[in-house]
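Down below is the structure, laid out as structure tokens.
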Amino acid sequence: MSSWRGSAPQADGYVGELHSDKSHAQVSTDRCGPSPLGPAAIRDLVVAAADKHGVDRSLATAVAWTESRFDRVRNSPKGARGAMQLMPATAQRYGVRDVCDPTSNIDGGVRYLRSLIDEFGNPLLAAAAYNAGEQSIYAYHGVPPFRETVAYVAAILNYQLGLPTPGESGGASRQGDGDRSPTQSNSVIGATTAATFVGGVMQF
Numbered sequence: 001m002s003s004w005r006g007s008a009p010q011a012d013g014y015v016g017e018l019h020s021d022k023s024h025a026q027v028s029t030d031r032c033g034p035s036p037l038g039p040a041a042i043r044d045l046v047v048a049a050a051d052k053h054g055v056d057r058s059l060a061t062a063v064a065w066t067e068s069r070f071d072r073v074r075n076s077p078k079g080a081r082g083a084m085q086l087m088p089a090t091a092q093r094y095g096v097r098d099v100c101d102p103t104s105n106i107d108g109g110v111r112y113l114r115s116l117i118d119e120f121g122n123p124l125l126a127a128a129a130y131n132a133g134e135q136s137i138y139a140y141h142g143v144p145p146f147r148e149t150v151a152y153v154a155a156i157l158n159y160q161l162g163l164p165t166p167g168e169s170g171g172a173s174r175q176g177d178g179d180r181s182p183t184q185s186n187s188v189i190g191a192t193t194a195a196t197f198v199g200g201v202m203q204f
């Protein structure tokens, strides 16, 4: 796992991935119908994908739950689809042709999560980037102070800890394309150590 120093990744590698053969696959933007699988089966697929790609099971399942309630909420107004709420660009990036197919969607979403963990070296930053996009993490040097993203990261932690999520409304990640408004605080969950709580906000 690489350490993150807060600088943007080299563009060449990213562009190369985008222009791979898989990235040219046509991705359907049609709305998904009801899931063909129940929540337990979806969770099993997430666990299997997490094991396959070396992602912590609790993190992967927390993302799937927060995103879609294990494929119960399959379509977002912004165009995200399926269990892992993949945007068309993200699905194309990971060669997911049928975003409504649970197995393909979950495999692509977990691979994306794996790449974010490798990029930022921190599961909280990876979760925040899954919701807000990688560039938002670089722009704010940590978890961006967007209401949606702060609530999203809190929901991930609540799920992992077995705690209730206040006002459960679903995750509907946008991979950086969503509408977001800053919180009143300008503080972010940063990428360094020695955290303290000041005025109810974690600062680093």
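Numbering-wise, UniProt numbering puts 26 at position 26 of the sequence shown, and it's gapless, one number per residue. C-beta atoms are modelled at their ideal positions from N, C-alpha and C, and glycine is treated no differently.
DSSP, read as helix, strand or coil, puts Asn75 in strand. Look at Phe146 here: in three-state DSSP terms it is strand. In the DSSP assignment, Thr66 falls within the unbroken alpha helix (DSSP H) covering Arg57 to Ser68. When the alpha-carbon of Val110 is set against those of Leu59, Tyr140 and Leu124, the nearest one is in Leu59. The continuous alpha helix (DSSP H) containing Thr103 extends over residues Pro102 to Phe120.
Using a C-beta cut-off of 8 Å, the stretch 79-90 makes contact with the stretch 98-105, since at least three inter-stretch Cβ pairs fall below that distance.
In this chain, Gln85 is not harboured by any alpha helix (DSSP H), its DSSP state being neither H nor E.
Restricting attention to Leu157, Ala89, Gly38 and Pro77, the CA atom closest to the CA of Ala126 is found in Leu157. Out of Val150, Gly108 and Pro34, the CA that lies nearest to the CA of Ala89 is found in Gly108.
A residue is called buried once 16 or more other Cβ atoms fall within 10 Å of its Cβ, and Arg147, having fewer, is exposed.
Rounded to the nearest whole angstrom, the CA to CA distance from Ser68 to Arg74 is 6 Å.
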